[in-house]
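Protein chains in written order, with my numbering: chain A, 1052 to 1302; chain B, 72 to 327.
We put the CB at the ideal spot given by N, CA and C, even for glycine.
On a predicted model such as this, the values are computed, not experimentally measured, just so you know.
All remarks here apply to the structure that follows.
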Amino acid sequence: MEPVLQHKEVVLDVSNLCKSFGNNHVLRNFSLRVLKGENVVVVGKSGSGKSVLIKCIIGLMMADSGTVILLGKDVSLISVNELDKIRARVGFLFQSNALYDSMTVRENLLFPLRRHWLKRESTDEESLVREALANVGLEHTLDMMPAELSGGMRKRIALARTLILKPQLILYDEPTTGLDPITSREIIALMNTISKKYNAASVIISHDMNCIKMAADRVVMLIDGRCYAEGNYESLKKHDDAKVAAFFEGE
Amino acid sequence: MNARNQLKLFLVEAGGMARFTGNFFTQVFKPRYETAELLRQCFRVGYHSLPLIGITGFIMGLVLTMQLRPSMIEYGVESQIPAILSIALVREVSPVITALIFAGKIGSSMGAELGSMRVTEQIDAMEVSGTNPFKFLVVTRVLAATLMLPILVLLNDVISLYGAYVGVNITGHTSVQLFIMQVLDNVSFSDLIPAVVKTFFFGFAVGIVGCYKGYFSKKGTEGVGVSANSAVVVASLLVFIIDLIAVQITDLLGFN
């Protein structure tokens, strides 16, 4: 961890998280702390429990044991309404983008603003939509349907939807999966720009080396359900452990 | 798969559906009400089904008349065709056929739509966005199906009777006034009301089954296909079961 980050506010504190599906122990006492403005990339093999981890963080899945303190609140102890209020300050970019097929881009972006307490606070929804689209460079798609967009554009629109509420923490589930290398790099650059602009922390689930290289302040290796190794890209690349080295082979 | 496993699967499914229905009733009265989405679903479910319901209703009335005519002539009661047809159409044929078409069109589309939303994480995205997906997706669709089917059945009654009028006039001649008088003389509110009341239950069953199958769709494109297919099969079966129960109740209440 870089010393400069030590005194920053903790936005996410996961401790001793366990989650099993039958006899398959996906997470075993996994712990992770993310500071304000920090970009953490969680890497691991497919099926190692990365997506389960991110779903436990946002409360889409409940862990068997352990705690998730998200923006100062324990997600397992708060009411649904309180959880929704916390979620309004957290962005979630789904692996499949999860754009609503039956809605236009504008309606997709307006959807997170439906919450009544936000409606009272937000003065101009239209300007929020235009700002979010300008951030991803797709202002002209406002009235298009998701089916009319390319894969990269859909990813950008999904990113714009997570940004509309100016989140303090953004969770990315495999943000570059299924994209070509050039578009992948564009998306990663965009993620970095957005993090800096809003001073938002990021937890990025990925096994894309470009993503690790370009986006990570810190890399956490999730192996056998535990935090197996952590550090920056360079230090992990030189790691002498066989399991860590295997991941960076060919780099 | 042996009988015991099949029974277990059936009970698990029935229990799941009962819980899902219970959840519907707890959510339907709680604010916030998704009125705009409910109206949008009513438009989709009701208005978009009109052409199909209209065409099938017309053909049903026409064909039933033509099939019935030879036997009626044989017994010398050809003039009673409008009376017999109106009773048959209003009480049984129109509600059940409309409900079956509705199950095929709306039940399958609900199963497929919610199934693909589940597979592509759109339902999770709604939850993360602070919107209760059950209320937004399920409650609105089930209510729309429950409210729209009776209206479609009433329209189908009228259109199928028009089909019957055309059928009567293909070989014979009956004036519109005489046809309407014969229908109104023979159909009473005690025929119409039970028939309409049961269609609320048909619509509810189609909505609940379609949404349940889609909402808990298994991952993958095959899962979506299975959801859509089983939604139609189960909803159609439920229509007949509800019809069987309804006829017993109307019999007990003296409407028959």
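- Item | Closest by C-alpha distance to Ala132 of chain B, when choosing among B:Ser142, B:Phe311, B:Ser231, B:Leu255 | For clarity, residue 132 of chain B is Gly in the given sequence; the question names Ala instead. Out of B:Ser142, B:Phe311, B:Ser231, B:Leu255, B:Ser231 has the C-alpha closest to the C-alpha of Gly132 of chain B.
- For chain A, is any of its Cβ atoms less than 9 Å away from the one on Pro138 of chain B? The displayed chain sequence assigns Gln, not Pro, to residue 138 of chain B. Answer no: the Cβ-Cβ gap between Gln138 of chain B and chain A never drops below 9 Å.
- Query: Out of A:Gly1123, A:Gly1276, A:Val1131, which has the shortest C-alpha to C-alpha gap to Gly1110 of chain A?
  - Reply: A:Val1131
- Task: Could you round the C-beta distance between Leu1134 of chain A and Arg1212 of chain A to whole angstroms and report it? I think they count as a contact, below 8 Å.
- Result: Not a contact, Cβ separation roughly 19 Å.
- Item | Check whether Ile177 of chain B and Ser120 of chain B have beta carbons under 9 Å apart | yes
- Item | Ala306 of chain B to Asn76 of chain B span [Cα, whole Å] | 23 Å
- Task: Report the neighbours of Phe1143 of chain A on chain B: residues whose CB is nearer than 8 Å to its CB, in chain order.
- Result: Ala196, Val199
- Give the residues from the segment 284 to 302 of chain B that approach chain A closer than 7 Å (Cβ to any Cβ), ordered along the chain. none
- Query: Measuring CA to CA, which of A:Pro1163, A:Ile1256, A:Ser1286, A:Lys1264 is closest to Gly1095 of chain A?
  - Reply: A:Ile1256
- Query: Are there 16 or more other CB atoms within 10 angstroms of the CB of Gln319 of chain B, so buried, or fewer, so exposed?
  - Reply: exposed
- Option in A:Val1092, A:Tyr1284, A:Ala1240 with minimal Cα separation from Val1187 of chain A: A:Ala1240
- Query: On the three-state DSSP scale, how would you describe Ser1116 of chain A?
  - Reply: strand
- Message: Are the CB atoms of Leu1189 of chain A and Ile1208 of chain A within a distance shorter than 9 Å?
- Response: yes
- Task: Assign Ala1149 of chain A to one of three DSSP states: helix, strand, or coil.
- Result: coil
- Task: Run down chain B in chain order and give the residues with a C-beta less than 8 Å from the C-beta of Asp1135 of chain A.
- Result: Gly201
- Item | 9 Å Cβ cutoff met for Arg1084 of chain A and Leu1063 of chain A | yes
- Query: Can you tell me whether Thr191 of chain B is buried or exposed, with buried defined as 16 or more other CB within 10 angstroms of its CB?
  - Reply: buried
- Kindly list, in the order they appear in chain A, the residues whose Cβ is closer than 7 Å to that of Val193 of chain B. Inspection of the sequence shows that residue 193 of chain B is occupied by Gln rather than by Val. What Gln193 of chain B touches in chain A: Ala1149, Tyr1151.
- Item | CA-to-CA distance, Arg111 of chain B to Ile241 of chain B, given in whole angstroms | 41 Å
- Flag Ala1139 of chain A as yes if its beta-carbon sits less than 9 Å from any beta-carbon of chain B, otherwise no. yes
- Message: Measuring straight from C-alpha to C-alpha, what distance separates Met1052 of chain A and Ile1245 of chain A?
- Response: With a pLDDT of only 43 at Met1052 of chain A, under the threshold of 50, the placement of this residue in the model should not be trusted, and no figure is reported.
- From A:Arg1140, A:Asp1115, A:Asp1291, pick the residue whose C-alpha is nearest to that of Gly1123 of chain A; which is it? A:Arg1140
- Item | Contact set between Ile1105 of chain A and chain B, taken where Cβ atoms lie within less than 8 Å | Chain B residues near Ile1105 of chain A: none, gap ~11 Å exceeds 8 Å.
- Message: Using C-beta distances below 7 Å, list every residue in its chain close to Pro1163 of chain A, excluding the 5 sequence neighbours before and after it, in chain order.
- Response: Arg1212, Ile1215, Leu1216
- Query: Do Gly201 of chain B and Ala302 of chain B have their CB atoms nearer than 9 Å?
  - Reply: no
- Enumerate, from N- to C-terminal direction, the unbroken alpha helix (DSSP H) stretches of 4 or more residues contained entirely within the segment 118 to 144 of chain B. none
- Message: Against chain B, which members of the segment 1107 to 1137 of chain A pass a CB distance test of less than 7 Å?
- Response: Ile1109, Leu1111, Asp1135
- Within 10 angstroms of the Cβ of Glu1225 of chain A, are there 16 or more other Cβ atoms? Answer buried if so, exposed if not. buried
- Query: Among residues of its own chain, excluding the 5 on either side of Met1265 of chain A, which ones have a beta-carbon nearer than 8 Å to its beta-carbon?
  - Reply: Arg1236, Ile1239, Ala1240, Asn1243
- Item | Three-pair Cβ contact test at 8 Å for the segment 221 to 228 of chain B versus the segment 261 to 279 of chain B | yes
- Task: Kindly indicate if chain B contains any beta-carbon less than 9 Å away from that of Gln1219 of chain A.
- Result: no
- What does a CB cutoff of less than 7 Å around Arg1166 of chain A pick up in its chain, not counting 5 residues either side in sequence? Asp1135, Ala1139
- Message: If I follow the unbroken alpha helix (DSSP H) through Phe271 of chain B, where does it start and stop?
- Response: 260 to 286
- Task: Report yes or no: is there a C-beta of chain B within less than 9 Å of the C-beta of Phe1299 of chain A?
- Result: no
- Item | Inter-stretch contact (C-beta, 8 Å, three-pair minimum) for the segment 196 to 213 of chain B and the segment 270 to 290 of chain B | yes
- Look at Lys1106 of chain A and Leu1273 of chain A and say whether their C-beta atoms are less than 9 Å apart. no
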